[in-house]
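Residue numbers (the numbering used here), protein chains in the order written: chain G, 35 to 180; chain L, 333 to 599.
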């Protein structure tokens, strides 16, 4: 088993970043599989085989969407940009440029703090240690001690 | 900048980080309901209602042979706890003081967390929220002296289990009952806390300000649904030369899907 999803020494990365990298690797694999099935469907003439391939491709669509959603939930700036691009009408490139510009004060982008710093894994949120919507990011406390 | 108006407050980035960290730490302990019920969201400040999947009949505006129905929803409610911080304390924080006075924030955090617990466990009639304890079909088990707690909690757990609702189970205790539990050792020195944890099949025992007595709840999932609109956040209201007026705020709804998945205990 390889560990190619890590670009930096794994022992220097936090558990959160290693999980993030694994999700990115999964996203890449799902999109690759979608492309492969698309090519097979383009050349396969057997109806039964085509039905199976189409069903399998549907699974990959689902896996890709789940991986992407998990990554977006963990990355406020990525999410902010995605919200300006995905499921929007109009010019995709223009939407992308506008969403990127509007996201500049949202945290967890390329200016994410170093591993281990107090500000890691939170966003700027108008000047404090908040997530993208300005909240404290508390959410569910199931499974946590008092 | 969103409705919290954090960007126009006279606070440095360091001040905001101090306040956010303090709020997070002070809320973590008393937010008991979030340790025991399902949490969905946050859906955003704009999210206004929870779908109940139910309807009520309406008279159609015209004609016979046409039925009218209106969808029923549960509106989200907003909680807000105001507080103010002395600007001198914020200036001291900017100079790296380690003892800035944030007591007003600490008190606001406890107030809003307690209010959330009360709404979830005992209901909020004006908001249309029915609490876990008041929805339960079981009569409250009477809490006696601390040494009787294992029997009382076991009886409450058995009520829920006999109704077909599996575990593990959690136990929300009022601060008074919680103190009583952790102070008590049974015969042979065995801590009461550990004995109760075994009865709950490993579920958590939770310090729950705002709860009256205690409540046993199933943790199997799908029985108690807390939907967050905007999760807890600090917003800016106004300031003068001496202090900055801020607030803690959230929006949420709460629905009991399975009343028999909980059993109250009381005095």
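All C-beta atoms in this analysis are idealised placements derived from N, C-alpha and C, irrespective of residue type, glycine included.
Based on Cα-Cα distance, which residue from 465/L, 345/L, 351/L lies nearest to residue 432/L? On the second chain, position 100 is the one that residue 432/L refers to. Looking at the Cα atoms, 351/L is the closest of the given residues.
Would you call residue 383/L buried or exposed, if buried means 16 or more other Cβ atoms sit within 10 Å of its Cβ? Here residue 383/L refers to the residue found at position 51 when the second chain is read from its first residue. The residue is exposed, with fewer than 16 neighbouring Cβ atoms inside 10 Å.
Could you check how far apart the C-beta atoms of residue 563/L and residue 137/G are, in whole angstroms? I think they sit under 8 Å. Reading the second chain from its first residue, position 231 is the one you call residue 563/L. Reading the first chain from its first residue, position 103 is the one you call residue 137/G. Actually they are not in contact, since the Cβ atoms of residue 563/L and residue 137/G sit about 20 Å apart, beyond 8 Å.
With respect to the beta strand (DSSP E) encompassing residue 559/L, which residues constitute its N-terminal and C-terminal limits? As a working mapping, residue 559/L is identified with position 227 in the second chain. Where residue 559/L is concerned, the enclosing beta strand (DSSP E) stretches over 556-560.
Beta-ladder partner(s) of residue 568/L, from DSSP: Taking the first residue of the second chain as position 1, residue 568/L is located at position 236. Answer is 578/L.
Cβ of residue 383/L within 8 Å of any chain G Cβ: Indexing the second chain from 1 puts residue 383/L at position 51. Answer no: the Cβ-Cβ gap between residue 383/L and chain G never drops below 8 Å.
Roughly how many whole angstroms lie between the Cα atoms of residue 411/L and residue 527/L? By 1-based counting over the second chain, the position of residue 411/L is 79. By 1-based counting over the second chain, the position of residue 527/L is 195. Rounded to whole angstroms, residue 411/L to residue 527/L spans 37 Å at the Cα level.
Bridge partners of residue 409/L, per DSSP? Locating residue 409/L in the second chain gives position 77, where the first residue counts as 1. Paired residue(s): 584/L.
Along chain G, which residues have their Cβ under 8 Å away from the Cβ of residue 328/L? There is no way to answer for residue 328/L, as the model of chain L reaches only from 333 to 599.
Against chain G, does residue 600/L count as a neighbour if the rule is that its beta carbon must be under 8 Å from one of theirs? Lying before the first or after the last residue shown, residue 600/L is absent from chain L, which here runs from 333 to 599.
First and last residue of the uninterrupted beta strand (DSSP E) at residue 550/L: As a first step, residue 550/L is located in the second chain; it is residue number 218 there, counting from the start. Run containing residue 550/L: 546-550, per the beta strand (DSSP E) assignment.
With H, G and I counted as helix, E and B as strand and the rest as coil, what does DSSP make of residue 414/L? For this step, residue 414/L is matched to residue 82 along the second chain. Looking at residue 414/L - three-state DSSP - the assignment turns out to be strand.
Pick from 377/L, 493/L, 373/L, 558/L: whose alpha carbon is nearest that of residue 335/L? Taking the first residue of the second chain as 1, we reach residue 335/L at position 3. Comparing Cα-Cα distances from residue 335/L to each of 377/L, 493/L, 373/L, 558/L, the minimum goes to 377/L.
Can you tell me where the beta strand (DSSP E) holding residue 386/L begins and where it ends? To locate residue 386/L, count along the second chain from 1; it is residue 54. First-last of the beta strand (DSSP E) with residue 386/L: 381-390.
Using the three-state DSSP reduction, which class does residue 510/L fall into: helix, strand or coil? Translated into the one-based positions of the second chain, residue 510/L becomes position 178. Note: residue 510/L maps to helix in three-state DSSP.
As assigned by DSSP and simplified to three states, the class of residue 526/L: The sequence position of residue 526/L within the second chain is 194, counting from 1. The answer is helix: DSSP assigns residue 526/L an H, G or I state.
Can you say whether residue 71/G is buried or exposed, counting buried as having 16 or more other CB atoms within 10 angstroms of its CB? The sequence position of residue 71/G within the first chain is 37, counting from 1. With 16 or more Cβ atoms within 10 Å of its Cβ, residue 71/G is classed as buried.
Within 8 Å of any Cβ in chain L, is that where the Cβ of residue 178/G sits? Within the first chain, residue 178/G is the residue found at index 144, counting from 1. Yes, residue 178/G lies at the interface with chain L (some Cβ there is under 8 Å from its Cβ).
Of all the CB atoms in chain G, is at least one closer than 8 Å to the CB of residue 432/L? Mapped onto the second chain, residue 432/L falls at position 100. It does not; no Cβ of chain G falls within 8 Å.
For residue 149/G, the three-state DSSP class (helix, strand or coil): Residue 149/G sits at position 115 when you count from the first residue of the first chain. Here the model assigns residue 149/G a pLDDT of 41, short of 50, so the residue's position is not dependable, and the following value carries that caveat. Looking at residue 149/G - three-state DSSP - the assignment turns out to be coil, as it is neither helix nor strand.
Could you name the residues of the same chain whose beta carbon sits closer than 8 Å to that of residue 604/L, not counting the 5 residues immediately before and after it, in chain order? Residue 604/L lies beyond the residue range present for chain L, which begins at 333 and ends at 599; the question has no answer from this structure.
Determine the burial state of residue 481/L: buried for a count of at least 16 other Cβ atoms within 10 Å of its Cβ, exposed for fewer. Translated into the one-based positions of the second chain, residue 481/L becomes position 149. Flag for residue 481/L reads buried.
Looking at the C-beta of residue 352/L, does it have a partner C-beta in chain G at a distance below 8 Å? Here residue 352/L refers to the residue found at position 20 of the second chain. Yes, residue 352/L counts as interfacial toward chain G.
Could you check the C-alpha separation between residue 392/L and residue 401/L for me, to the nearest Å? In the second chain, the residue the question calls residue 392/L occupies position 60. In the second chain, the residue the question calls residue 401/L occupies position 69. Approximately 8 Å between the Cα atoms of the pair.
For a contact meaning CB atoms closer than 8 Å, what does residue 374/L contact in chain G? The residue given as residue 374/L occupies position 42 in the second chain. What residue 374/L touches in chain G: 167, 169, 173.
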